[in-house]
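Shown next, in structure tokens, is the structure this report addresses.
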Amino acid sequence: MLIKTFHDDFGNTATIKEGRHFPYKGAKEKQVDFLLTLSADYENNFVYFVSLYETEKEAMEKLKKFSCNTWH
């Protein structure tokens with residue numbers, strides 16, 4: 002299972018976790034997906050964004066749109 006953690010210059014943390022979920026009700030097989038979660042370290046790790054993507058590339062592209070792309 003892939004888990005990547007990033008921090009920005011403003012006190013936020015982002016994680017991308019690989020998982021497996023059913024893509025729709027009644028699906029026979031789970032598929033691989035990537036969960037992007039953003040939290041504010043300065044607000045007791047308040048989670049302010051959660052979204053699920055089909056590819057890691059899509060999750061990374063969305064992450065670049067937050068915090069002036071200062072993730073490291």
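First residue of the sequence shown: 2, per my numbering; consecutive thereafter. Ideal placement from N, C-alpha and C gives every residue a C-beta, glycine not left out. Note that the structure is a prediction, hence the values are computed from the model and not measured.
In this structure, residue 63 sits away from residue 36, with a CB-CB distance that is not shorter than 7 Å. The Cβ atoms of residue 8 and residue 14 lie closer than 7 Å to each other.
By alpha-carbon distance to residue 72, the top candidate from 50, 47, 12 is 12.
As the crow flies, the alpha-carbon of residue 2 is around 17 Å from that of residue 59.
Note on geometry: alpha-carbon atoms of residue 27 and residue 53 lie some 19 Å from one another.
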